[in-house]
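Data first, discussion second: the structure below is written as structure tokens.
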């Protein structure tokens, strides 16, 4: 195992200088900082966590409240205010980021948020490698290998296939490179993203509210369609199963007789269109239909299928979306959906980069960091997203 002395020798600096770079206890010129960080990468040097912990405890003011996640929380405050992070924790570090699907509105907003916060954290654009997993498992694995070959200091993985994530986790663990998982779990990595059960039950309760207000109750319902994503694993399945649970809590176990579960794919419009077309064909007499999907791209396909089948009669439909990206906002504003459970993708970086910076300082972060959520409708959307 490499020591601080080994790093100092390779970088051609003193041990004290290496200590200042690692612990960020004093300013070091950019050229020297880069030399030290390059030596750290080459030697796979990891600071002594116990020593750092003891040092931090020694400088803790008497009577001060100590938070286990204090470093993360500190950077989170700056992230929320969109201010530069103190000490430029990303300076001289290399960040890998693989987006789940680069052309999807939700993912575009997540990526933009990550890059914006990375700049605030002090990362140089030249030290950030961004690849697109394209919703394809093989591409996701290939991208992970490419990023691994570049030896980043940390990798943020946003990849839909849970099986591939197990492989990626093993590769990066072996290489000693920390990971952060976004929306889909990666074994051993902190998770940043949606509390799928929470958003589903929120959506299910709102769906039940509309069923009672518009149709008078469960007796009038012909069909509830849950388009799911089995590929994302059990955690992502909760994003729809929570709807069923919420409906059952309000209307009783009888709801199962009218609930149809279909594989809606991993987020593409055509997959949603095909799944909904199959459902409508199987239930030709169903008139009053409530539906939810993994995201708004799939819902776009559902809407197309309903229109093509001649069954797009707005009074007979209750549509609840998940995510509320730019497409979702349009669907709400135009009355194509009744409500959306917002994940605020434009704020994802405010959670991800503070976690990145804390990990780079060998500080602990929560195992699960959940983004905020809210029910957005045509009536309240301007409160969250005012029109220009």
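Residue numbers (UniProt numbering): 1 to 388.
Ideal placement from N, C-alpha and C gives every residue a C-beta, glycine not left out.
| For residue 179, which residues from the same chain have a beta carbon less than 7 Å from its beta carbon, with the 5 sequence-adjacent residues on both sides left out? | Taking the first residue of the chain shown as 1, we reach residue 179 at position 179. Counting only Cβ-Cβ distances below 7 Å, and skipping sequence neighbours, we find 155, 157, 169, 172, 186 and 189.
| Of all the options 308, 315 and 339, which has the alpha carbon lying nearest to the alpha carbon of residue 322? | For the purposes of this step, residue 322 is identified with residue 322 of the chain shown, where counting begins at 1. Of the listed residues, the one whose Cα sits closest to residue 322 is 339.
| query | Which class does residue 44 belong to by DSSP, given the choice of helix, strand or coil? | reply | As a first step, residue 44 is located in the chain shown; it is residue number 44 there, counting from the start. If DSSP states are grouped into helix, strand and coil, residue 44 belongs with coil.
| query | How should residue 81 be labelled, buried or exposed, when 16 other C-beta atoms within 10 angstroms of its C-beta is the threshold for buried? | reply | Numbered from its first residue, the chain shown carries residue 81 at position 81. Label assigned to residue 81: exposed.
| request: Go through its chain and collect everything with a Cβ distance to residue 177's Cβ below 8 Å, but skip five positions before and after it. | output: Here residue 177 corresponds to residue number 177 of the chain shown, with the count starting at 1. If we look at residue 177 and ignore the five residues flanking it on each side, its Cβ neighbours are 148, 151, 152, 153, 154 and 155.
| query | What are the start and end residues of the beta strand (DSSP E) that includes residue 123? | reply | Here residue 123 refers to the residue found at position 123 when the chain shown is read from its first residue. That residue, residue 123, is in no beta strand (DSSP E); it is neither H nor E in DSSP.
| query | Since residue 261 sits in a beta bridge, which residues does DSSP pair it with? | reply | On the chain shown, residue 261 is found 261 positions in, with the first residue counted as 1. DSSP output for residue 261 lists 226 as bridge partner(s).
| message | Nearest by alpha-carbon distance to residue 370: which of 199, 116 and 382 is it? | response | Position 370 of the chain shown, counting from 1, holds the residue named residue 370. Residue 370 has its Cα closest to that of 199, out of 199, 116 and 382.
| said: Considering only DSSP beta bridges, list what residue 281 is partnered with. | reply: On the chain shown, residue 281 is found 281 positions in, with the first residue counted as 1. Note: residue 281 sits in no beta bridge, so no partner.
| task | Below 7 Å CB to CB, which residues in the same chain sit around residue 69 once its five sequence neighbours on both sides are set aside? | result | On the chain shown, position 69 is the one that residue 69 refers to. So the list reads 364, 365 and 366, once near-sequence residues are dropped.
| query | Would a C-beta distance cut-off of 7 Å place residue 7 and residue 40 closer than the cut-off? | reply | Along the chain shown, one-based indexing puts residue 7 at 7. Along the chain shown, one-based indexing puts residue 40 at 40. In this structure, residue 7 places its C-beta atom within 7 Å of the C-beta atom of residue 40.
| said: Please state the DSSP three-state secondary structure of residue 340. | reply: For this step, residue 340 is matched to residue 340 along the chain shown. Three-state result, residue 340: strand.
| request: Run the CB neighbour count on residue 194, radius 10 Å, all protein chains shown included, and call it buried at 16 or more, exposed below. | output: Locating residue 194 in the chain shown gives position 194, where the first residue counts as 1. It is buried - the Cβ of residue 194 has at least 16 other Cβ atoms within 10 Å.
| Cβ shell of residue 197 (< 6 Å), same chain only, five flanking positions each side left out | As a position in the chain shown, residue 197 is number 197, starting the count at 1. Excluding sequence neighbours, residue 197 sits near 238 and 242.
| Contact set for residue 327: own chain, Cβ-Cβ below 6 Å, skip 5 residues either direction | If you number the chain shown from 1, residue 327 lands on position 327. Counting only Cβ-Cβ distances below 6 Å, and skipping sequence neighbours, we find 105 and 296.
| message | Comparing C-alpha positions only, which one of 126, 100 and 125 sits nearest to residue 132? | response | One-based indexing of the chain shown puts residue 132 at position 132. With distances taken between Cα atoms, residue 132 lies closest to 100.
| said: If we require 3 or more residues per run, which beta strand (DSSP E) segments fall completely within the stretch 311–337? | reply: 317–323
| message | So the candidates are 22, 160 and 113; which of them puts its Cα closest to the Cα of residue 92? | response | Counting from 1 along the chain shown, the entry for residue 92 is found at position 92. When only C-alpha atoms are compared, the closest one is 22.
| message | With H, G and I counted as helix, E and B as strand and the rest as coil, what does DSSP make of residue 275? | response | Counting from 1 along the chain shown, the entry for residue 275 is found at position 275. Helix, per DSSP.
| query | Going along the chain, which residues of its own chain have a beta-carbon closer than 6 Å to the beta-carbon of residue 246, five neighbours each way excluded? | reply | Here residue 246 is taken as the residue at index 246 of the chain shown, counted from 1. Correct list, in chain order: 201, 204 and 205.
| Contact check, residue 124 vs residue 140 under 8 Å by CB: the rounded distance? | Within the chain shown, numbered from 1, the residue matching residue 124 stands at position 124. Within the chain shown, numbered from 1, the residue matching residue 140 stands at position 140. About 26 Å; that fails the 8 Å criterion.
| task | Look at the alpha carbon of residue 115 and the alpha carbon of residue 349, and state the distance between them as a whole number of angstroms. | result | Within the chain shown, numbered from 1, the residue matching residue 115 stands at position 115. Within the chain shown, numbered from 1, the residue matching residue 349 stands at position 349. When rounded, the distance between both Cα atoms is 8 Å.
| message | Quick check on this structure: which residue in 31, 42 and 75 has the alpha carbon closest to the alpha carbon of residue 359? | response | What you label residue 359 is simply residue 359 of the chain shown in a count that begins at 1. For residue 359, the nearest C-alpha among the options comes from 75.
| request: Assign residue 356 to one of three DSSP states: helix, strand, or coil. | output: On the chain shown, residue 356 is found 356 positions in, with the first residue counted as 1. Reduced to three states, the DSSP call for residue 356 is helix.
| Neighbourhood of residue 288 by C-beta, 7 Å cutoff - its chain only, sequence neighbours within 5 removed | Position 288 of the chain shown, counting from 1, holds the residue named residue 288. Short of 7 Å from the beta carbon of residue 288, and not among the five residues preceding or following it, lie these beta carbons of its own chain, in chain order: 215, 220, 221, 222 and 316.
| Within this structure, are the beta carbons of residue 302 and residue 335 separated by less than 7 Å? | Taking the first residue of the chain shown as 1, we reach residue 302 at position 302. Taking the first residue of the chain shown as 1, we reach residue 335 at position 335. Contact: no.
| request: Compute the beta-carbon to beta-carbon distance between residue 259 and residue 226, rounded to the nearest angstrom, for a pair I have assumed lies under 8 Å. | output: Your numbering for residue 259 matches position 259 in the chain shown. Your numbering for residue 226 matches position 226 in the chain shown. 6 Å between Cβ atoms; contact.
| Whether residue 43 touches residue 96 by CB criterion (7 Å) | If you number the chain shown from 1, residue 43 lands on position 43. If you number the chain shown from 1, residue 96 lands on position 96. Against a cut-off of 7 Å, the Cβ pair of residue 96 and residue 43 comes out as no contact.
| Cβ pair residue 120, residue 85 closer than 7 Å | Position 120 of the chain shown, counted from the start, is the residue given in the question as residue 120. Position 85 of the chain shown, counted from the start, is the residue given in the question as residue 85. Taking 7 Å as the Cβ cut-off, residue 120 and residue 85 qualify as a contacting pair.
| said: Among 376, 319, 345 and 332, whose alpha-carbon lies nearest the alpha-carbon of residue 207? | reply: If you number the chain shown from 1, residue 207 lands on position 207. When 376, 319, 345 and 332 are compared, the shortest CA-CA separation from residue 207 is found for 319.
| Same chain, Cβ closer than 8 Å to residue 280, five either side skipped, listed in chain order | To locate residue 280, count along the chain shown from 1; it is residue 280. Here the set comprises 286, 305, 306, 309 and 311.
| message | Restricting to runs no shorter than 3 residues, where is the beta strand (DSSP E) found entirely within the stretch 160–195? | response | Listed in chain order, they are 179–182 and 191–193.
| said: If I measure Cβ to Cβ from residue 109 and keep anything under 8 Å in the same chain, skipping five residues before and after, which residues do I get? | reply: Position 109 of the chain shown holds residue 109. The answer, listed in chain order, is 325, 326, 345, 346 and 348.
| Close-in-space but distant-in-sequence residues of the same chain around residue 376 (CB under 7 Å, 5 per side omitted) | As a working note, residue 376 is residue 376 in the chain shown. Within the same chain, residue 376 has close Cβ partners 324, 332, 339, 340, 342 and 384.
| request: Compare the C-alpha of residue 229 against each of 300, 78, 293 and 368 and name the closest. | output: Looking up residue 229 in the chain shown gives position 229. Looking at the Cα atoms, 293 is the closest of the given residues.
| task | For residue 10, I'd like the list of residues in its chain whose CB is within less than 7 Å of its CB, leaving aside the five on either flank, ordered along the chain. | result | Within the chain shown, residue 10 is the residue found at index 10, counting from 1. Taken in chain order, the residues that qualify are 39, 42 and 43.
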